[in-house]
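Following UniProt numbering, the numbering of the sequence shown begins with 1 at its first residue and continues without gaps.
Just so you know, even glycine gets a beta-carbon here, dropped at the ideal spot from N, CA and C.
Fair warning: this is a prediction, and the values are worked out from it, not measured in the lab.
A quick write-up on the structure given underneath.
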Amino acid sequence: MRAESTLQAQPATDAREPHTGSRTESAMPRTLTGFIFTMGSVHQTMLLLLSIFLFTVSILPLEVQRRIINGAAEGSGVNSILVLALAYLALVLTEGGVKLVLNIYRGWIGEVAIRWLRMAVLDARKQRVDEQTTLAEGVEISIVLAEAEPVGGFIGTSISEPVLQVGVLAAVGSYMIYLQPFLALAVAAVFIPQVILVPILQSLINQRAKTKITVMRHLSEEMVEHDSSPKASNNQAAHVQRLFSTNMSIYKLKYSLNFLINLMLHLGFAGIFALGGYYVITGKTEIGTVVAFIVGLNRISDPWGALVDWYRDLKVTQVKYGLIRDASVVETSDEPRSDAVVPT
């Protein structure tokens, strides 16, 4: 790819050029949203188009499954069922192939962003070499080795992921309402409480994530100082203990949320089994419709879980990006960084 070669060459040269003068706020965007588009709006548009294609075709396998099951129950010919089975296979292969391309493309954009962040920090380090302190060195080591990875990795999924998952939810949800509105209500009841719980628990996780980053930076600073005094050793041990307790707190919140999501999902299945079974017995719906709802709830639970994960990552990444940006602002020239925008 010509664009990729340009991407690889640009930071390796321009990012090393020293700058003097005004602050680097023009080089490193103020917000995470600005950084996302700094990494290439055309690439984000391409990811967006792939995502739209995927959620547009997401209901087709469900409809083919429903027709196969109803056809078998009603005694349709073998040939018609085989044609539907081949159509289902073709749809699955197409969907899987596009997802493969989408995921690789996302990964590439994420790695470009990680490299850009690391080069920005290294560039800032060279520009303040005269005033360099062990404290700054510790922060920079933490950013380059650990903090840049999750922030840059989020860039590839920042826009395409919510569009894809919301699109799948809307498409499959609309299909369920079309098939059987009352069964669709049972499915909706699964997700409404989560809309309230997720932001509350995530805000608590964000507070702890910020604390974790701050403590890790303090620990890095103290390690760079090479202070072997008893006081320094005690401080380092205290930081390690605080990291442990902070991580355990994050785990408890995260897995409690996962437990609630899984519980509500299985309550939804129970509702479909009970209400769907009643409708089949009373002749108000077909067995294929109930199966489509069971498969559909599975199809919805996956994008919903992915959307919850994306929301978690968004909030944590906003915190991390702000900390990285604050640590990377230095004196530089009025000219914007030439490697700031990914060529398209």
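Residue i classed as buried or exposed, judged by whether at least 16 other C-beta atoms fall within 10 angstroms
i    : result
F244 : exposed
Q202 : buried
G34  : exposed
G96  : exposed
K231 : exposed
L263 : exposed
A209 : buried
Y278 : exposed
A184 : buried
I196 : exposed
F154 : buried
R325 : buried
T45  : exposed
Q241 : exposed
V78  : exposed
L82  : exposed
D123 : buried
D334 : For D334, the predicted model reports a pLDDT of 40, less than 50, meaning its position is unreliable; a value from the coordinates is still stated below. With fewer than 16 Cβ atoms within 10 Å of its Cβ, D334 is classed as exposed.
L100 : exposed
A237 : exposed
L219 : buried
R118 : buried
L89  : exposed
A274 : exposed
Contact check, residue i vs residue j, beta carbons under 8 Å
i    : j    : result
K212 : N247 : yes
F269 : L307 : no
S301 : L265 : yes
S160 : L102 : yes
G62  : V98  : At residue 62 the sequence reads Leu, which differs from the Gly that was named. Result no, Cβ atoms of L62 and V98 do not sit closer than 8 Å.
M28  : A120 : yes
G276 : V290 : yes
I287 : I69  : yes
P303 : V168 : yes
G75  : I114 : no
L84  : V64  : yes
Y311 : V198 : yes
L54  : L164 : yes
M176 : V187 : yes
Y105 : L47  : yes
Whole-angstrom C-beta distance between residue j and residue i, which should lie under 8 Å
i    : j    : result
L179 : A292 : 6 Å
P150 : T317 : 7 Å
N235 : E221 : With 8 Å as the limit, N235 and E221 do not qualify as a contact, their Cβ atoms being about 10 Å apart.
A194 : I281 : It is Gln, not Ala, that sits at residue 194 in the sequence shown. About 31 Å; that fails the 8 Å criterion.
- Segments of 4+ residues assigned as alpha helix (DSSP H) that fall wholly inside the stretch 165 to 232: 181 to 225
- Sufficient close CB pairs (3 or more, under 8 Å) joining the stretch 39 to 59 to the stretch 165 to 178: yes
- Continuous alpha helix (DSSP H) assignments of at least 4 residues falling wholly in the stretch 30 to 90: 32 to 38, 41 to 57 and 60 to 73
- Validate contact between the stretch 107 to 114 and the stretch 36 to 50 using beta carbons, cut 8 Å, 3 pairs: yes
- Message: Quick test of the definition: if touching needs 3 or more C-beta pairs under 8 Å, does the stretch 188 to 203 touch the stretch 246 to 266?
- Response: yes
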